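Protein sequence lines correspond, in order, to chains A and B. For what it's worth, full-length UniProt numbering labels the leading residue of the first sequence as 1, then goes sequentially. For what it's worth, full-length UniProt numbering labels the leading residue of the second sequence as 1, then goes sequentially. Just so you know, even glycine gets a beta-carbon here, dropped at the ideal spot from N, CA and C. This structure is a prediction, so every number in the text was calculated from the model and none was measured. Some notes on the structure that comes next.
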Amino acid sequence: MSLLFIVLLPLLGSLVPLLGSNDRRSLCALITAVLPAVALGLVMTNLGDVLHGNVLTYSVPWIPQLGLDFALRLDGLSLLFALLILGIGLLIITYTRFYLSANDSMPRFYAYLMLFLTAMLGIVMADNLLLLWVFWELTSLSSFLLIGFWHTQTNARRGARVSLTVTAMGGLALLAGLLLLGQIVGSYDMQTVLESRDVIQQDARYLPVVLLVLLGAFTKSAQFPFQFWLPQAMAAPTPVSAFLHSATMVKAGVFLLARLHPALAGSELWLYLVGLTGLVTLIYGAYFALIKYDIKAILAYSTVSHLGLITMLFGLDSRMATLAGLFHILNHALFKASLFMVAGIVDHECGTRDIRKLKGLRRYMPITAALAILGGASMAGVPLLNGYLSKEMMLTETLETDLLGGLAWLVPVLATVGSLISAAYSLRFVRNIFFMGPPEALEVTPHEPPLMMRAPALLMITLGVVIGLLPALTVTSLLHAAADAALADPVPEFHLAIWHGFNLPLLMSAIALGGGIALYALRKHLFAFQRQFKPLDALTIYEATMQCIVRAAQTGLGALENGSLQRYMLWLVITVLCLAGGSLVITPSLQGSLQQQPLDGVLIAGAAITILAGLATAFLHRQRLISLLMLSVVGLMVSLAFARFSAPDLALTQLAVEVVTMILLMLALFFLPQRTPKESSGLRIVRDVLLSAGFGGILASLNYAVLTQPIDSISQFFLDNSVPGGGGHNVVNVILVDFRGFDTLGEITVLGIAGIGIFKLLNRLRLFMPSSDFEGRPWSPDSHPMILAIVSQTLLPLALLVSVFIFLRGHNAPGGGFIAGLVTSVALILMYIARGVDWAQQRLAFQFQPIAVAGVGIAALTGLGSWLFGYPFLTSAFGHFHIPLIGDVELATAMLFDLGVYFTVIGATLMILANLGKLTTPHRPSKQKEQS
Amino acid sequence: MEALYATMTGALAACGLYLTLRGRTFPVVVGLTLLSYAVNLFLFSTGGLTTNGAAVIKEHAGHYADPLPQALVLTAIVIGFAMTAFSVILAIRVRGELGSDDVNMARSDESREGKS
């Protein structure tokens with residue numbers, strides 16, 4: 001359980017700083033530090049257990065269907081990293097308190113920092129591959145926030161963007177790799193994966209798994225050729241650099257190598273990929289660290305180089321090499337974090353990070369200088385310091401390797417060269433900043449920073465010295481536990497000591513240190529040599545690639561999405577033609593096992609009229625009114641088709657909708673041009689006709705195939721249960737209001753939303769109203785013909801009565817809420833047409849929006865009502881009642897639901913039509929003869 | 001009969017699609033309506049074409065028309081009306097705002113040119 005709190009407390013901690021304010025900075029730092037300090041304490045309480053070789057785990061299911069558990073583990077490897085993350089994290093919090101200026105928001109910084117810290121803890125403690133990946137992505141995101149903390153600076157924004165792009169890209173590759181790994185093993189559980197080495201390495205998918213996982217690790221750990229994001233990330237505040245580039249972010253990559261080492265390492269593939277990448281990065285980073293002028297850039301490239309060293313050690317096929325790699329992770333974190341802090345102090349006190357302007361600072365800040373000397377010496381690998389021990393182990397292991405076969409001697413030679421350059425840049429960093437005479441180029445007089453700003457670096461350097469002097473007493477058990485977790489085989493016997501006698505590694509160390517001093521002395525020639533190259537780095541290539549991608553995306557998008565509805569329709573239709581047409585081509589026959597039913601004259605005539613009317617609608621579309629009339633013929637014929645094929649409900653609905661649609665479209669046509677100009681070229685018409693014919697042909701083929709196949713429908717259930725289960729004889733209506741009531745509720749909601757949307761669209765709309773028809777004839781002054789007015793008024797009560805009748809009988813005979821609502825709407829709209837909007841509004845003194853809303857409300861409440869009786873949503877109850885005079889009546893709560901449907905349909909339909917009609921009234925153009 | 005029915009559905013769909021490919025709003029709306037007729041006919045026919053089927057449950061009914069596609073199509077007809085209404089009102093609004101019933105979004109093109 002304490003494992004959960006180790007991760008959870010810092011996560012809560014990311015909210016704590018937001019309680020603090022920028023005015024009380026020490027308090028803000030203090031409250032931020034509390035929760036990670038408690039978490040560190042929790043780690044310490046488990047220290048003994050883990051050092052004895054126990055693995056503590058904690059697990060709760062998260063998404064079991066995906067194999068994702070919230071599973072945490074604390075083994076030696078997690079312990080090493082958790083101590084580094086929390087310990088250095090606390091020191092960074094202290095340091096930041098004095099580093100940030102009053103203009104920077106301290107609570108925001110601490111919140112990001114704690115989020116990042118949590119993510120790192122999650123990575124190192126995850127006991128599930130997918131969970132590990134979740135935290136992995138979280139580090140990419142939170143480091144983006146941290147690097148871009150000074151978001152007003154271009155550099156910071158660019159650095160943040162570059163690091164996010166590179167690490168997130170690697171993160172996606174890692175996800176693919178982990179998914180494959182999980183599929184091979186059959187589980188995402190870490191322990192299972194780590195124990196399945198043979199299964200994994202014999203699987204054909206081992207190659208992609210290794211490539212993808214390494215892509216993730218190498219991008220995160222800034223290995224060649226992805227190293228370029230790390231120097232860019234130096235635009236971050238120095239505490240961020242000190243944290244991200246010593247103990248955390250970049251160490252996540254090498255952590256992953258160590259974590260999956262038992263499962264993935266040991267093959268030739270791993271040896272060459274990891275070993276050689278590490279070696280190349282080691283030399284590359286060291287060289288650039290030597291020639292940079294920005295002191296943070298020197299440290300950044302040095303970090304790249306040291307990460308290369310660690311990576312190489314994890315690649316070498318030896319257990320001791322892995323141990324050396326883990327030891328160097330610890331040592332590097334200690335000296336690099338303190339050196340970054342020193343760089344931050346120098347920057348803070350002198351206002352510059354240019355090594356050409358800095359010198360002789362020893363006189364102004366002797367203690368800081370001492371820290372830098374010790375840290376630099378550790379980085380260079382000077383004996384009696386911790387850096388020396390792991391470097392010595394590294395050199396020993398390079399002598400043992402058989403990487404590169406016959407050329408195996410190259411590895412120790414290159415490793416020595418790397419150490420040599422490392423010694424040279426360490427010397428340059430220390431000597432150029434703190435020695436070499438008094439500073440001349442500085443505008444301010446530097447002095448020692450506050451004690452608490454030095455204290456974190458002091459603590460880490462002291463620890464480094466202690467480890468360097470007494471390695472056997474201090475870190476042996478921790479390293480043993482960590483190596484136990486990172487190795488599939490038992491941990492080899494090892495003995496940490498400063499003195500191993502006169503041997504080859506000692507000679508190599510001596511060569512590296514002596515050569516480093518010589519190289520430093522001759523650096524002028526090196527800089528002169530370097531000046532003849534144009535500064536081309538990976539970042540330029542990266543930027544060019546990004547621009548290329550953006551341009552390609554813009555071109556592609558411009559071609560696909562050009563704002564033309566016609567173009568979109570074209571793509572849609574072509575896709576349908578390809579997909580549906582393609583699958584029809586491979587279908588052997590459309591004809592199913594059913595025989596066709598016989599034809600008769602009425603059917604042929606009906607179909608002919610429908611098809612001809614459809615064709616007329618399409619080909620007379622430039623004369624819009626005629627086209628519209630043809631459309632209404634199609635609608636009527638469709639209604640008749642429904643009637644012919646035993647669907648009276650559909651026929652009634654279609655008929656009523658047809659009337660409403662026609663009124664609507666005619667009214668709309670009043671506000672739109674009466675004719676369509678001739679625009680399409682002949683070629684386009686041919687193209688569209690061909691596409692449409694193809695589409696129609698495919699649809700007809702599909703329809704024919706469906707019709708001639710025997711169907712195995714679930715409808716029998718509805719037929720059987722309609723009366724006993726729903727209390728209604730009209731199955732269609734019972735399905736709508738009972739069996740599938742939830743669907744209907746959704747649909748009337750959509751109807752209501754459409755009505756409200758239209759209401760808003762028509763709001764404050766100014767329209768041009770033609771004063772005459774398209775042939776120039778003025779509208780008839782007789783706007784409300786008397787016959788229509790009288791007939792419609794007479795019909796209204798009758799129509800309302802019919803609609804009530806249709807509604808009431810709907811449950812047992814064709815009818816129902818939809819149809820009744822449409823009939824009522826038509827009757828009311830007829831009043832509008834016959835008498836005009838003003839007249840009708842005076843008499844219909846209510847708004848339609850509330851009716852639609854009330855309809856949806858009634859339906860929903862009816863559904864909710866069944867909860868009161870302990871039944872699921874929308875359960876219908878029904879019974880037989882005897883009403884005097886009327887007789888035996890069957891009533892169901894579904895009728896109440898249907899009432900909701902009824903009101904929604906009326907409300908929505910009238911909202912649409914009456915509001916559109918209203919637009920015609922204010923200045924009736926026919927009455928204003930003076931208009932042209 | 002099935003072949004004739006399928007031909008009718010296909011023909012209506014073809015005419016509807018041809019209209020939706022036009023460049024002015026009103027034919028597009030009419031085309032959408034035609035398309036929805038075709039789609040409704042298609043959906044309806046998935047239950048088979050029943051002649052003289054019973055529409056309500058009776059004691060001695062011979063055979064019933066499949067009620068499920070009917071229920072689906074019934075709501076589809078009403079929703080289809082809402083869609084037609086929304087698109088035609090949108091067309092009116094666009095004409096009111098832009099003064100044109102061209103479907104190819106004249107205004108965004110202008111603003112894009114203005115920026116570059």
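So residue i contacts chain B; which residues on that side make the cut at Cβ distance below 7 Å?
i: A:Y704; result: E2, A3, A6
i: A:P724; result: None at all; the shortest Cβ gap to chain B is about 10 Å.
Assuming residue i and residue j form a contact by the criterion Cβ under 8 Å, report the distance between their Cβ atoms to the nearest whole angstrom.
i: B:L17; j: A:A607; result: Contact flag wrong, Cβ pair sits at about 19 Å.
i: A:L385; j: A:F327; result: Going by Cβ atoms, the distance from A:L385 to A:F327 rounds to 13 Å, so no, they are not a contact pair.
i: A:L636; j: A:E658; result: 6 Å
i: A:L427; j: A:I517; result: 7 Å
i: A:I295; j: A:I433; result: 7 Å
i: A:M546; j: A:T416; result: Between A:T416 and A:M546 the Cβ distance is about 38 Å, and since that is not below 8 Å, they are no contact.
i: B:F26; j: A:L164; result: Not quite, the Cβ-Cβ distance comes to about 48 Å (not below 8 Å), so this is no contact.
i: B:A6; j: A:N703; result: 4 Å
i: A:L108; j: A:A29; result: In the sequence on display, residue 108 of chain A carries Arg and not Leu. At roughly 13 Å, the Cβ-Cβ gap does not stay under 8 Å, so A:R108 and A:A29 are not in contact.
Residues of chain A with CB under 9 Å from residue i, in chain order?
i: B:G62; result: Within chain A, no residue comes near B:G62; the closest Cβ sits about 11 Å away, beyond 9 Å.
Skipping 5 residues on each side, what residues in its chain have a beta carbon closer than 6 Å to that of residue i?
i: A:G614; result: V634
i: A:A235; result: N155, A156, G159
i: B:E113; result: With a pLDDT of 38 at B:E113, under the threshold of 50, the modelled position of that residue is not reliable, and the figure given next carries that caveat. Once the five neighbours on either side are set aside, B:E113 has no close Cβ partner at all.
i: A:N812; result: G728, H729, N730
i: A:V209; result: G177, L180, L181
i: A:V162; result: W229, Q232
i: A:L269; result: V210
i: A:T824; result: S803, I906
Going along the chain, which residues of its own chain have a beta-carbon closer than 8 Å to the beta-carbon of residue i, five neighbours each way excluded?
i: A:G907; result: G752, G755, F848, Q849, P850, I851, A852, V853, A854, G855
i: A:V185; result: T192, V193, S196, V199, I200
i: A:P873; result: Correcting the residue identity first, residue 873 of chain A is Phe in this sequence and not Pro. The residues are F742, G863, L864, S866, W867.
i: A:I31; result: V16, P17, L19, G20
Going along chain B, which residues have a C-beta under 8 Å from residue i?
i: A:P648; result: A55
i: A:N128; result: Neighbours of A:N128 on chain B: none; closest Cβ ~44 Å, over 8 Å.
Whose C-beta lies closer than 7 Å to the C-beta of residue i among residues of the same chain, with five residues either side of it excluded?
i: A:G375; result: F335, S338, L339, V342, I461
For residue i, name the three-state secondary structure that DSSP assigns.
i: A:I787; result: helix
i: residue 938 of chain A; result: In this structure chain A extends from 1 to 932, so residue 938 of chain A is not present and cannot be described.
i: A:W839; result: helix
i: A:D294; result: strand
i: A:F642; result: helix
i: B:G96; result: helix
i: A:H882; result: strand
i: B:R112; result: Residue placement at B:R112 is flagged as unreliable, the pLDDT there being 40, under the threshold of 50; the coordinate-derived value follows with that caveat. In this structure, B:R112 counts as helix in the three-state DSSP scheme.
i: A:N432; result: helix
i: A:V7; result: helix
i: A:L68; result: strand
i: A:R675; result: strand
i: A:Q793; result: helix
i: A:A914; result: helix
i: A:V823; result: helix
i: A:D898; result: helix
Which residues in chain B sit within 9 Å of residue i, going by Cβ to Cβ distance?
i: A:G727; result: By Cβ distance, chain B contributes nothing, its closest Cβ being about 11 Å from A:G727, past 9 Å.
Name the chain A residues whose beta carbon is nearer than 8 Å to that of residue i?
i: B:L19; result: T617, A618, H621
i: B:L74; result: D649, L650, T653, V732, L736, F818
i: B:L90; result: L761
i: B:L49; result: Q597, F645, L707
Check whether the Cβ of residue i lies closer than 7 Å to any heavy atom of the ligand MN, and answer yes or no.
i: A:G696; result: Among the components modelled here there is no ligand, and therefore nothing to report on the ligand MN.
Note down, in chain order, every chain A residue with its Cβ under 7 Å from the Cβ of residue i.
i: B:L34; result: G614, T617, L631, V634
Going residue by residue through the segment 374 to 425 of chain A, where are the continuous alpha helix (DSSP H) segments of at least 4 residues, counting only ones entirely within it?
Here the runs fully enclosed are 386 to 400.
Give, in chain order, every unbroken run of the alpha helix (DSSP H) that is at least 4 residues long and sits entirely within the segment 192 to 247 of chain A.
With a minimum length of 4 residues, the continuous alpha helix (DSSP H) runs that stay inside the segment 192 to 247 of chain A are 197 to 202, 206 to 220, 229 to 232, 238 to 242.
Considering only residues of the segment 131 to 197 of chain A, which uninterrupted alpha helix (DSSP H) runs meet the minimum length of 4 residues and lie entirely inside it, listed in chain order?
154 to 185, 190 to 194
Entirely within the segment 715 to 787 of chain A and at least 4 residues each: give me those alpha helix (DSSP H) ranges in chain order.
715 to 726, 731 to 734, 741 to 762
Would you mind listing the beta strand (DSSP E) stretches within the segment 343 to 369 of chain A that are 3+ residues and don't spill past its ends, in chain order?
none
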